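Residue numbers (this note's numbering), protein chains in the order written: chain A, 552 to 747; chain B, 18 to 214.
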């Protein structure tokens with residue numbers, strides 16, 4: 552039962568072997584799970600896109616591209632939805648860092664006129680029961696079919712058109728800001744004719 | 018053999034009695050599914066690392082024992098995370114940072130030091146399994162209670178269409194629930210010992 556001797560050489564050799572075996576097995580598991588992980592991420596993207604634009608027959612993830620936001624500090628991912636090669640809408644992945652805790656990631660679907668089709672909350676860490684209510688249809692309803700050109704995307708308290716979630720004004724502000732950024736970037740892209 | 022398994026569930030329950038690993042316990046148990054997922058991931062790491070450490074304990078010099086154990090534990094945790102990202106992506110996202118944090122969960126290193134480095138491979142595996150089941154049981158109980166009170170649902174299935182008591186899904190609810198469970202266990206134990214004396 553006596554443990555191996557603690558000579559300097561022994562220490563080095565043991566630790567080297569332990570780390571080598573560990574990293575080799577990790578490399579193996581990584582290779583093994585690489586594909587399923589990529590598939591799971593693709594499925595997640597597609598699910599988000601599917602719920603905000605409809606009627607397309609291409610794979611928007613494979614045709615995605617990035618465009619800089621108007622303030623030039625960030626860039627957003629665009630997923631074009633096409634039917635028989637013609638653009639029918641765009642899903643824009645946008646985020647806000649102004650939420651109550653952590654980043655809020657949204658997928659906003661626009662048709663070619665810039666009307667909001669639907670919004671899908673991809674990820675958030677807002678307070679359960681308060682800020683998390685932004686994922687409910689009751690809140691999202693107010694954006695559907697509206698065009699941000701005519702709907703002022705700020706909370707009513709700040710003079711806008713968005714009904715804030717009770718007890719979660721900060722979340723609502725962040726949410727509206729993210730949608731606004733998506734819209735501005737989208738508008739800029741169509742003005743420049745870059746959407747295609 | 019039986020003793021090695023069952024001690025982890027009630028008598029030496031890592032959460033309720035030893036009060037180890039409180040960070041994930043309080044952090045992730047806002048729903049029953051989260052508790053179960055976190056418990057299962059930790060149980061897997063406990064069993065595998067206990068087994069591996071019991072097998073190599075005689076060739077590891079005492080001075081580098083802890084770093085070697087940590088490397089072994091970290092390797093298994095990374096395996097769990099890769100597997101979860103691949104096959105249960107939704108749960109992986111929910112648990113987020115708490116999965117990599119299993120590395121520093123004191124139950125895992127605690128069992129490696131206190132048990133696996135002194136016992137046979139089979140006994141260590143059973144010890145790890147018992148502790149893992151005890152940990153899972155604790156997290157599942159906490160998660161179920163918090164979800165029931167805070168969200169009025171059971172495993173995501175809404176029982177009543179109404180808002181629950183919000184505080185129970187928030188951090189303070191975790192402390193309150195854990196406190197009440199520990200108090201109940203102490204009370205039961207005291208009653209037991211009074212009866213036998």
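We put the CB at the ideal spot given by N, CA and C, even for glycine. All figures in this text were calculated on a predicted structure; none of them were measured in a lab.
Inset, instruction - For residue 95 (chain B), name the three-state secondary structure that DSSP assigns. - result: Helix.
Legend entry - Buried/exposed call for residue 205 (chain B), threshold 16 Cβ in 10 Å: Exposed is the label assigned to residue 205 (chain B), since fewer than 16 other Cβ atoms lie within 10 Å of its Cβ.
Inset, instruction - Kindly indicate which three-state DSSP category residue 194 (chain B) falls into: helix, strand or coil? - result: Here residue 194 (chain B) sits in helix by DSSP.
Inset, instruction - Please confirm whether residue 21 (chain B) and residue 151 (chain B) have their CB atoms less than 8 Å apart. - result: Cβ atoms of residue 21 (chain B) and residue 151 (chain B): not closer than 8 Å.
Legend entry - Buried versus exposed, by CB contacts within 10 Å (16 or more), residue 607 (chain A): Around the beta carbon of residue 607 (chain A), a 10 Å sphere encloses 16 or more other beta carbons of the protein chains shown; the residue is thus reported as buried.
Inset, instruction - List the residues that DSSP assigns as beta-bridge partners of residue 558 (chain A). - result: Residue 558 (chain A) pairs with nothing; no bridge assigned.
Inset, instruction - Going by DSSP, name the residue or residues bridged to residue 706 (chain A). - result: DSSP, once it has assigned bridges, lists A:713 as partnering residue 706 (chain A).
Inset, instruction - Indicate the three-state DSSP secondary structure (helix, strand or coil) for residue 603 (chain A) in the structure shown. - result: Helix, per DSSP.
Legend entry - Rounded straight-line distance, which links the Cα of residue 648 (chain A) to that of residue 734 (chain A): Cα to Cα, the separation comes out at about 17 Å.
Legend entry - residue 654 (chain A) versus residue 142 (chain B) - alpha carbon distance: Their backbone Cα atoms lie some 41 Å apart in a straight line.
Legend entry - Reduced DSSP category for residue 645 (chain A) - H, G, I as helix; E, B as strand; rest coil: The DSSP-derived three-state label of residue 645 (chain A) is strand.
Inset, instruction - May I ask you to verify whether the segment 174-182 of chain B touches the segment 54-64 of chain B, counting CB pairs closer than 8 Å and requiring at least 3? - result: Counting C-beta pairs with one atom in each stretch, the segment 174-182 of chain B and the segment 54-64 of chain B have fewer than three that are closer than 8 Å, which means they do not touch.
Inset, instruction - Please go through the same chain and pick out, in chain order, the residues whose beta-carbon is closer than 6 Å to the beta-carbon of residue 185 (chain B), but skip the five residues on each side of it. - result: So the list reads 163, 166, 167, once near-sequence residues are dropped.
Inset, instruction - For residue 195 (chain B), decide whether its Cβ has a neighbour in chain A, counting only Cβ atoms nearer than 8 Å. - result: Taking a beta-carbon distance threshold of 8 Å, residue 195 (chain B) does not count as an interface residue toward chain A.
Legend entry - Integer Cβ distance of residue 673 (chain A) from residue 599 (chain A), believed to fall under 8 Å: Taking a contact as a CB-CB distance under 8 Å, the pair residue 673 (chain A) and residue 599 (chain A) counts as one, their CB atoms being some 5 Å apart.
Legend entry - Nearest to residue 635 (chain A) (by Cα), restricted to the options A:602, A:584, A:609, A:692: Nearest in C-alpha terms to residue 635 (chain A), of all of A:602, A:584, A:609, A:692, is A:609.
Legend entry - Rounded separation between residue 36 (chain B) and residue 46 (chain B) - CA only: C-alpha separation (whole angstroms): 15 Å.
Legend entry - Euclidean distance between Cα positions of residue 580 (chain A) and residue 683 (chain A): Separation of residue 580 (chain A) and residue 683 (chain A) (C-alpha to C-alpha, rounded to the nearest whole angstrom) is 35 Å.
Legend entry - Cutoff 8 Å: residue 137 (chain B) Cβ touching any chain A Cβ: Not closer than 8 Å to any Cβ of chain A, the Cβ of residue 137 (chain B) fails to qualify, so no.
Inset, instruction - Check the DSSP bridge columns for residue 617 (chain A) and list the partner residues they point to. - result: DSSP output for residue 617 (chain A) lists A:628 as bridge partner(s).
Inset, instruction - Return helix, strand or coil for residue 680 (chain A), following the three-state DSSP convention. - result: Residue state, collapsed to three classes: coil.
Inset, instruction - Could you check which residue in B:211, B:153, B:173 has the C-alpha nearest to that of residue 43 (chain B)? - result: Selected option, being the one with the closest Cα: B:153.
Legend entry - Interface residues of chain A facing residue 80 (chain B) [CB-CB closer than 8 Å]: Annotation: Cβ neighbours of residue 80 (chain B) in chain A (cutoff 8 Å, chain order): 557, 562.
Inset, instruction - Excluding the 5 residues preceding and the 5 following residue 69 (chain B) in the sequence, name in chain order all residues of the same chain whose CB lies nearer than 6 Å to its CB. - result: Excluding positions up to five away in sequence, the list reads 89.
Legend entry - Closer than 8 Å to chain B by CB, residue 576 (chain A): Look at residue 576 (chain A): its C-beta is under 8 Å from a C-beta on chain B.
Inset, instruction - Starting from the C-beta of residue 666 (chain A), find all residues in its chain whose C-beta is less than 8 Å away, skip the five residues before and the five after it, and write them out in chain order. - result: Around residue 666 (chain A): 696, 697, 698.
Legend entry - Rounded distance between the beta-carbons of residue 160 (chain B) and residue 169 (chain B), thought under 8 Å: At roughly 14 Å, the Cβ-Cβ gap does not stay under 8 Å, so residue 169 (chain B) and residue 160 (chain B) are not in contact.
Inset, instruction - Using three-state DSSP, classify residue 658 (chain A) as helix, strand or coil. - result: Three-state DSSP puts residue 658 (chain A) in a strand.
Inset, instruction - Compare the C-beta of residue 587 (chain A) against all C-beta atoms of chain B and say whether one is closer than 8 Å. - result: Chain B contact via Cβ: present.
Inset, instruction - Would you kindly check if the distance between the Cβ of residue 202 (chain B) and the Cβ of residue 25 (chain B) is under 8 Å? - result: At a Cβ-Cβ threshold of 8 Å, residue 25 (chain B) and residue 202 (chain B) do not count as neighbours.
Legend entry - Sequence-distant residues of the same chain with beta carbon closer than 6 Å to residue 632 (chain A), five excluded per side: So the list reads 604, 607, 611, 639, 640, once near-sequence residues are dropped.
Legend entry - N-terminal and C-terminal residue of the alpha helix (DSSP H) that residue 50 (chain B) is part of: Counting along the chain, the alpha helix (DSSP H) containing residue 50 (chain B) begins and ends at 49-73.
Legend entry - Spatially closest choice to residue 85 (chain B) from B:120, B:106, B:39, B:56, by CA coordinates: Measuring from the Cα of residue 85 (chain B), the nearest candidate turns out to be B:120.
Inset, instruction - Would you please state the rounded distance, in angstroms, between the beta carbons of residue 705 (chain A) and residue 727 (chain A)? I believe it to be under 8 Å. - result: With a contact defined as Cβ atoms closer than 8 Å, residue 705 (chain A) and residue 727 (chain A) qualify at about 6 Å.
Inset, instruction - Go ahead and label residue 59 (chain B) buried or exposed: buried means 16 or more other beta carbons lie within 10 angstroms of its beta carbon, across all protein chains shown. - result: Counting Cβ neighbours within 10 Å, residue 59 (chain B) comes out buried, since at least 16 surround it.
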